[in-house]
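In numbering that gives the first Met the number 0, the protein residues as written are 0 to 66.
Okay, so here's the structure we're looking at.
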Amino acid sequence: MKNYLDSKIPKSISRPVLGALTAAIVIFIIKSLFDISPAVNEFVYYVIYVLFIGSAIYMTFFKKSKK
């Protein structure tokens, strides 16, 4: 029996991508609550972009299809 959320999430979106998006939302909330230096913001943005793009490339080219 499938989970309800699994049927609502498109198959092209992987768990690392969802994790990166969740991290971006959490970091945005923390950034709005506290004053964080711009260098930390830039580092965090780079980490999120690398996670997002890397997982998208992995899911596109290297994931084995389930049969």
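Here a beta-carbon is modelled for each residue, glycine too, at the ideal position from N, C-alpha and C.
Three-state secondary structure assigned by DSSP to Phe33: As a position in the sequence shown, residue 33 is number 34, starting the count at 1. In the structure shown, Phe33 sits in coil (DSSP, three-state: anything other than H, G, I, E or B).
Contact under 8 Å by Cβ, Ala55 with Val25: Within the sequence shown, numbered from 1, the residue matching residue 55 stands at position 56. Within the sequence shown, numbered from 1, the residue matching residue 25 stands at position 26. No, they are not a contact pair.
heavy atom of the ligand PLP below 7 Å from Tyr48 C-beta: Because no ligand of any kind appears in the structure shown, any question about the ligand PLP cannot be addressed here.
Buried or exposed (CB count within 10 angstroms, at least 16 for buried), Ala38: Walking along the sequence shown from the start, residue 38 turns up at place 39. Under this definition Ala38 is an exposed residue.
Beta-carbon spacing of Ile47, Ala23 below 8 Å: Along the sequence shown, read from residue 1 onward, the residue named residue 47 stands at position 48. Along the sequence shown, read from residue 1 onward, the residue named residue 23 stands at position 24. The Cβ atoms of Ile47 and Ala23 sit closer than 8 Å to each other.
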